[in-house]
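Written below as structure tokens is the structure these notes are about.
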Amino acid sequence: MRVLIEFVISFLSTVGFGLITNVPRRSLLPAGITGSLAWVAYYLVLQVDPGLILPNFTAAIVIGILGNISAVLFRVPVNIIYVPSLVSLVPGGILYLGMRSFTLGREAPTSQYLFNTLTIAISLAVGFVVAEVIFYRIKPILMKIVTRRQSPSHS
Numbered sequence: 001m002r003v004l005i006e007f008v009i010s011f012l013s014t015v016g017f018g019l020i021t022n023v024p025r026r027s028l029l030p031a032g033i034t035g036s037l038a039w040v041a042y043y044l045v046l047q048v049d050p051g052l053i054l055p056n057f058t059a060a061i062v063i064g065i066l067g068n069i070s071a072v073l074f075r076v077p078v079n080i081i082y083v084p085s086l087v088s089l090v091p092g093g094i095l096y097l098g099m100r101s102f103t104l105g106r107e108a109p110t111s112q113y114l115f116n117t118l119t120i121a122i123s124l125a126v127g128f129v130v131a132e133v134i135f136y137r138i139k140p141i142l143m144k145i146v147t148r149r150q151s152p153s154h155s
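The sequence shown: position 63 = 63 (the numbering used here), numbered continuously.
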């Protein structure tokens with residue numbers, strides 16, 4: 001039940017952010033599904049490994065692969081799918097706490113918060129790179145399926 005709640009809330013936050021940033025309406029559903037599945041992947045991996053790296057890395061791979069597939073299927077730039085899907089994973093709260101600690105002159109928490117922010121950002125970036133590599137390996141197969149689906153059969 002908890003996973004379903006996580007899915008619905010992340011779907012709504014992804015679509016909501018897509019609306020705020022003027023994502024084309026036809027891209028809201030694929031972006032919402034991509035963001036939701038990425039958050040569910042993050043949540044499930046977090047249950048097994050409560051660290052910062054693996055859950056964010058896994059979620060970025062999900063966004064990268066599903067975002068690219070959605071971009072091909074819905075004929076939109078991949079960034080239209082990426083940006084709203086990524087909003088739930090961005091470490092804004094941790095960065096805020098780090099900057100707050102910095103302005104209050106507390107060095108130890110500042111270092112820890114900023115280190116965590118950097119760790120999450122790098123995990124997301126590496127996950128996107130891995131996803132791009134995987135997608136470009138499966139793209140020819142996907143393009144054959146899409147082309148076959150769109151062309152009328154002459155049998």
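For glycine and all other residues, C-beta sits at the position ideal for the given N, C-alpha and C.
- A straight-line Cα-Cα distance of about 10 Å links Thr-14 and Phe-7.
- Inclusion of Ser-123 and Phe-17 in the CB contact set at 8 Å is not warranted, their separation being larger than that value.
- Judged by beta-carbon spacing, Ile-65 lies within the 8 Å limit of Ala-131, meaning their Cβ atoms are closer than that value.
- The three-state reading of DSSP puts Leu-89 in coil, since its state is none of H, G, I, E or B.
- When the alpha-carbon of Phe-11 is set against those of Ile-33, Arg-100, Ile-94 and Leu-44, the nearest one is in Ile-33.
- Residue Thr-110 holds the alpha-carbon nearest to the alpha-carbon of Leu-95 among Asn-68, Thr-110 and Leu-86.
- In this structure, the alpha-carbon of Leu-97 lies about 15 Å from that of Ile-120.
- The shortest CA-to-CA distance from Asn-22 to any of Asn-79, Gly-92 and Met-99 is the one to Asn-79.
- If you look at Met-143, you'll find it in the alpha helix (DSSP H) that goes 107–150.
- Within the same chain, and ignoring the five residues on either side of Leu-37 in sequence, the residues whose Cβ sits closer than 7 Å to its Cβ are Val-62 and Leu-66.
- Looking from the CA of Ser-88, the closest CA among Ser-151, Val-40, Val-146 and Leu-142 belongs to Val-40.
- For Ala-71 and Tyr-42, the gap between their C-alpha atoms comes out near 22 Å.
- With a cutoff of 8 Å on beta-carbon distance, Ala-31 and Phe-128 are scored as not near each other.
- For Pro-84, the secondary structure class from DSSP, reduced to helix, strand or coil, is helix.
- Straight through space, the alpha carbons of Leu-28 and Pro-84 are spaced by roughly 9 Å.
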